[in-house]
Amino acid sequence: MKYTFRFIKVLCLLAYLSVTFSVNAQNQARIHLQGNIKDAKTKELLEFATVLLKNDSVQLHAISDTKGFFSIKNVPAGTYILNVSFIGYTTLQHPLSVTRDTTLSFLLQPDNITLQDIIVTASESRGLTTSSKINRKAIDLLQPSSFTDILALLPGGRTKDPALGGVNQIRLREVGVTSEDYDVSSLGTSFLINGVPINTDANMQHVLGSYQSDHDYYRNSIGKGVDMRTLSTDFIESVEIIRGIPSVEYGELTSGVIKIQRKSGLQPWDVRVKADPESKLVYVGKGFQCENGWALNFGFDYLDAKIDPRNNLESYKRLSAMTHAVREWQTGIRKLSWSIDLDYGQSIDDEKSDPDISYKKIDKYKSSYHRVSLANTLTWTFAQYSKWQFINLTASVDYSSNKIKQTKFISLDKDTSIPNNTEEGEHDGIFLPYKYTAYLEVDGQPINAYVKAMGQYDINLFNTTNKLKAGVEWQMSKNLGKGQVYDPELPLYPSSAYRARPYDAIPANHMISFFLEDGISVPVKRHHLMISGGIRAFSPLNLDNTYRMQGKIYVDPRVNTLWKFPALFIRDRQLNIQIAGGIGWQRKMPVMSQLYPEMIYHDLTQLNYYHSNSDYRRINMMTYIINPTNFNLEPARNRKWEIRLDFDYNKHLFSVNYFYEKMTSGFRNSSYHRSFQYKKYDTSTIDHTSLEGPPQLEDLTYTTDTVIRTYGMLTNGSMIVKEGIEFQYSSNRIESIRTKITITGAWFKSRYSNSQPVYKQPSVMLNGEYLKYVGLYLDDDGYIREQFNTNFKFDTYLQPLGLNFATTVECMWLSNKQSMKKNGVPIKYVDIKGEEHDYTEADYTHVERQHLIEKYNEAAFKKTTVPISVNVNFSATKYFNKKIGLSMFVTNILDYNPDYESNGLKVRRKAIPYFGMELNIKL
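Here this note's numbering is used: the first residue of the sequence shown is 227, the next is one more, and so on.
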């Protein structure tokens, strides 16, 4: 809570300073000039437009807020030139005589050339927090198959060939490593569609006992967040990707926010057909304006992808049907709008074994996902000059029916026994047949509900504008499925240490959140200061009292500031400079599978008597049940701060940003230890010839033995440190060649490590038995990843010919990877009794405990540097009658990837061109 108190002190200081600035500015009662700024065609309010009021002796300026409203106070009476400018619009200059308080309204005309200038890549926000805004034209030029492709537009992003055979995770501002221990980065990225978050907390679809070599491992999205393969891009109007410190309005996140806005209003028939070597895509959409005032939009999307074009046995299919309806009612000073979204989504992962090599052609794997969602949003917008700005109420519910069906032929090469009980204690097991067919069905039925209410109230204090935003959220997640359904005597994985359990027996997750934020706007002479600070508090509900989180309130403070300098004029052209920065804390709750993990069954064989007569065989086991639930688990928390510098001059835009993020409480699977006691029956006294049935335990002698084993438990042990510099430059269009240049890039350095000690048992056998000690190690694992890349984009528009094309040169200047050095010497060890001891120098030579020291090859910790890599991508579109567009793209059409040496070996690189075509029809 110490950070919270510090944050409150900072807010009080900022409020004091804002009032002080305001009082100093009021040297005499003068005129108040205010108004709004809108798009002349769509009537959309334009935020962060620049208003400049000047004459020979006075120069004042203001910036429009999120409602397109601007205010200039203390204006001396006189004659002025009013200049209103906004990126993508023709600058408006208007002579104005100011003699009394005045309210104005300005309509800016879109600049056709300028509007086309921003379609090549994501445009960087000029607001308080760092974000990238991507409009429909940028998405069209990219020709994406899924949301994953859009990320190439971000600073530091690179074009990648589709990888639809596994989960597509999002990684913001990091290089990334392939380890489940650091999946919190993607889990902590919040996706919102028309303001409604996509909740994946109740997803539990996986196959018990599957390993990294199995297809389920790569298609399993538990604890990984949103699988971006499932998101269609064709019904999207715009996307905002918040990489900086978001408003406290947004919660359940650690990395960033993805805000997706759907198409709305009257739209022509839109047909899109795309084909590339791995996939085929078809989309049909339309927007209607009904006579009763309702606007209705719908879209239908179908994707059929082959994971390998040469292999017809493995595929991924996606089907999406989306509808959006909205209506507005104007009642005096209030406007009420109601929007409804009804969606259906389906994804199918399908794999069959090659009939030429598969026994009896029966091996199959199919994972299907069906989701239906309904969302409603009511928004009351008040008159522009009312204290109340808006009140918003959002409610949504979604239900999914998820199935995994797997058939697998099992062939064993030795006698294999398995337990068949679900209770702790001694029991007899069974022997598996040498050959059998295993059938498995995983039934998951996640259901999620979401309610949010928020409003904004404006207060003008002295010369300061305060925008107070407050709200409350409630979320619920529950899985109604039956879980893993299979014959326990014919298991898919005979060596699995788990048993099936129904998902519907797991309690529902509930969470309540509150947030309060104040946005302060203060003119400081010719400068302008904007501050937005707030606190978000949340508490998990419906947890058992044994959980530390139950009833606990977590508080996340966040603050962003922006200082805009007075406009400068160089050769009669305006130069705008601003500095922005912020700091904030963000948390993500554990998902359902992390709060309620599968029980671990540890089975120790006490008697394994094999007889040629199957009726005389007997297997006896001692079963221990381990509950790996971590009742001390806490939400993952990330601290983030950044500072950004923005310039714009004569439609040349430049932005550079430095950020630093540190998370020490990410979710990971850590090892713990436990001792197990069991009997070892002596079978040497059995008379095999006189048996009339299985041997009786009471007739056998035994000895008692104890073993120590490790098991996994989820902890807050993952540390992720991210820092970097992002930059973007966008030029004015060069009229002589009708080309615009955009340069984006980033330097990222990411460090991944375990912030907690971990128990490990060496796989060392002495005298035929495993070592009966467990070591406690500090530096379990760690990775350093670093890269620096720049993308040069050239887009050309030849409107008379109906032709546009874009060329992108992607340069990866350097890429480093390194494993952090490990000591290998334990700090403590645990003996067979479960007692913990310090590891001393005497243990270095102990006959058994010396094997606890892990030895590493120093070459494993050497930094590997990959030299420069250059790839060239090309895309072109030809329009016919402005209604039909034919597009083509080629990635890696040219490349420069020189060979290099790593650990004494020569590494040869190659880039394979990837191409596709697309037909767009708008009627």
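The beta carbon of each residue, even a glycine, is placed where N, CA and C say it ideally should be.
These numbers were taken from a predicted model, which means no experiment stands behind them.
DSSP bridge partner residues for F764 (one or two, in chain order)
In the sequence shown, residue 764 corresponds to position 538, counting from 1. According to DSSP, F764 bridges with S739, Y780.
Cα-Cα separation between G971 and Y1140, rounded to whole angstroms
Working through the sequence shown from its first residue, we reach residue 971 at position 745. Working through the sequence shown from its first residue, we reach residue 1140 at position 914. Distance between the alpha carbons of G971 and Y1140 is about 23 Å.
Please return the same chain residues whose Cβ sits closer than 6 Å to the Cβ of F526, not counting the five positions on each side in sequence.
Residue numbering aside, residue 526 sits at position 300 when the sequence shown is read from its first letter. Here the set comprises V510, A547.
Is Q804 helix, strand or coil when you go by DSSP?
Locating residue 804 in the sequence shown gives position 578, counting from the first residue. Q804: strand per DSSP, three-state reduction.
With H, G and I counted as helix, E and B as strand and the rest as coil, what does DSSP make of E406?
Position 180 of the sequence shown, counted from the start, is the residue given in the question as residue 406. Reduced to three states, the DSSP call for E406 is helix.
Hey, would you say V1101 sits closer than 8 Å to F1031, going by beta carbons?
For the purposes of this step, residue 1101 is identified with residue 875 of the sequence shown, where counting begins at 1. For the purposes of this step, residue 1031 is identified with residue 805 of the sequence shown, where counting begins at 1. The residue you asked about is not Val; residue 1101 is Ser in the sequence shown. Yes, Cβ-Cβ distance for S1101 and F1031 is below 8 Å.
If you follow the beta strand (DSSP E) that S819 is part of, which residue opens it and which one closes it?
Position 593 of the sequence shown, counted from the first residue, corresponds to residue 819. Note, S819: premise wrong, no beta strand (DSSP E); alpha helix (DSSP H) at 818-821.
For the pair the region 465-476 and the region 347-366, tell me if three or more CB-CB distances fall below 8 Å.
Touching, yes.
Quick one: any contact between the region 447-464 and the region 369-376, if contact means 3 or more CB pairs under 8 Å?
In this structure the region 447-464 touches the region 369-376; the number of beta carbon pairs closer than 8 Å is three or more.
CA nearest to the CA of L788, picked from Q572, Q776, M756:
For the purposes of this step, residue 788 is taken as the residue at position 562 of the sequence shown. It is M756 whose Cα lies nearest to the Cα of L788.
Could you tell me which residues DSSP puts in a beta bridge with K905?
Locating residue 905 in the sequence shown gives position 679, counting from the first residue. In DSSP, K905 forms a bridge with T930.
Does the region 929-937 come within contact of the region 1020-1027, defined as at least 3 CB pairs closer than 8 Å?
The region 929-937, when compared against the region 1020-1027, does not touch it at the 8 Å Cβ threshold.
Within 10 angstroms of the Cβ of K1152, are there 16 or more other Cβ atoms? Answer buried if so, exposed if not.
Look at the range of the chain in this structure, 227 to 1149, and you will see that residue 1152 is not part of it.
Pick helix, strand or coil for A679, following the three-state DSSP scheme.
The residue you call residue 679 lines up with position 453 of the sequence shown. A679: strand per DSSP, three-state reduction.
Could you work out which residue in E1080, K1043, I1058 is closest to N1129 when comparing CA atoms only?
As a working note, residue 1129 is residue 903 in the sequence shown. Out of E1080, K1043, I1058, K1043 has the C-alpha closest to the C-alpha of N1129.
Whole beta strand (DSSP E) runs in the region 521-568 with 3 or more residues, listed along the chain?
Segments of the beta strand (DSSP E) lying fully in the region 521-568: 521-534, 537-557.
Could you check which residue in V785, R797, N281 has the C-alpha nearest to that of I746?
Sequence index remark: in the sequence shown, residue 746 carries index 520 (1-based). A check of alpha carbon separations from I746 across V785, R797, N281 identifies V785 as the nearest.
What is the DSSP secondary structure of Y1070, counted as helix, strand or coil?
Within the sequence shown, numbered from 1, the residue matching residue 1070 stands at position 844. Judged by DSSP in its simplified three-state form, Y1070 adopts helix.
With H, G and I counted as helix, E and B as strand and the rest as coil, what does DSSP make of L377?
Within the sequence shown, numbered from 1, the residue matching residue 377 stands at position 151. It is helical.
Which one of I263, G513, Y408, E517 has the shortest CA to CA distance from T890?
Along the sequence shown, read from residue 1 onward, the residue named residue 890 stands at position 664. When only C-alpha atoms are compared, the closest one is Y408.
Between the CA atoms of I656 and N647 - distance to the nearest angstrom:
As a first step, residue 647 must be located in the sequence shown, where it is residue number 421. As a first step, residue 656 must be located in the sequence shown, where it is residue number 430. Looking at the two C-alpha atoms, the distance is approximately 10 Å.
Examine the Cβ distances between the region 772-782 and the region 688-696 and report whether three or more of them are shorter than 8 Å.
Flag = no, the region 772-782 and the region 688-696 do not touch.
Quick one: complete beta strand (DSSP E) runs, 3+ long, within the region 847-897?
The region 847-897 contains these whole beta strand (DSSP E) runs: 862-875.
Just to check my reading of the structure: Y287 and P792 have Cβ atoms closer than 8 Å, yes? What is that Cβ distance to the nearest angstrom?
As a position in the sequence shown, residue 287 is number 61, starting the count at 1. As a position in the sequence shown, residue 792 is number 566, starting the count at 1. The displayed chain sequence assigns His, not Tyr, to residue 287. Sure, about 7 Å apart at Cβ, within 8 Å.
Taking the alpha-carbon of S1113 as reference, which of G1142, I289, I1094 has the nearest alpha-carbon?
Against the sequence shown, residue 1113 aligns to sequence position 887. The shortest Cα separation from S1113 among G1142, I289, I1094 belongs to G1142.
Between R1075 and the rest of its own chain, which residues show a CB-CB distance below 7 Å, the 5 nearest in sequence each way excluded?
Counted from its first residue, the sequence shown places residue 1075 at position 849. Residues of the same chain with a CB within less than 7 Å of the CB of R1075, apart from the 5 flanking positions on each side, are Y999, Y1055, D1069 in chain order.
Is it the case that the Cβ atoms of R397 and S412 are separated by a distance below 8 Å?
Your numbering for residue 397 matches position 171 in the sequence shown. Your numbering for residue 412 matches position 186 in the sequence shown. Yes, the pair counts as a contact, with Cβ atoms nearer than the cut-off.
Please find out if some non-hydrogen atom of the ligand GTP comes closer than 7 Å to the beta-carbon of G950.
Among the components modelled here there is no ligand, and therefore nothing to report on the ligand GTP.
When DSSP builds the beta bridges, which residues end up paired with H753?
As a position in the sequence shown, residue 753 is number 527, starting the count at 1. In the DSSP assignment, H753 is bridged to V750.
In the region 685-739, which residue ranges form an unbroken alpha helix (DSSP H) of at least 4 residues, counting only runs that do not cross its ends?
For secondary structure counted as the alpha helix (DSSP H) over 4 or more consecutive residues, the region 685-739 holds no complete run.
At the level of alpha carbons, what is the spacing between I1138 and G392?
As a working note, residue 1138 is residue 912 in the sequence shown. As a working note, residue 392 is residue 166 in the sequence shown. C-alpha separation (whole angstroms): 20 Å.
Is there contact between the region 801-819 and the region 856-872, where contact requires at least three CB pairs shorter than 8 Å?
The region 801-819 is in contact with the region 856-872.
Residues near A266 in its chain [Cβ-Cβ closer than 8 Å; skip 5 each side]:
For this step, residue 266 is matched to residue 40 along the sequence shown. Correct list, in chain order: L333, L334, Q335, P336.
By how many angstroms is the C-alpha of N1146 removed from the C-alpha of L1029?
One-based indexing of the sequence shown puts residue 1029 at position 803. One-based indexing of the sequence shown puts residue 1146 at position 920. Computed Cα separation, rounded: 14 Å.
Kindly indicate which three-state DSSP category E1080 falls into: helix, strand or coil?
What you label residue 1080 is simply residue 854 of the sequence shown in a count that begins at 1. The three-state secondary structure of E1080, taken from DSSP, is coil.
When we look at the beta-carbon of L492 and count the other beta-carbons within 10 Å, is it buried (16 or more) or exposed?
Indexing the sequence shown from 1 puts residue 492 at position 266. Answer is exposed; the Cβ neighbour count stays below 16.
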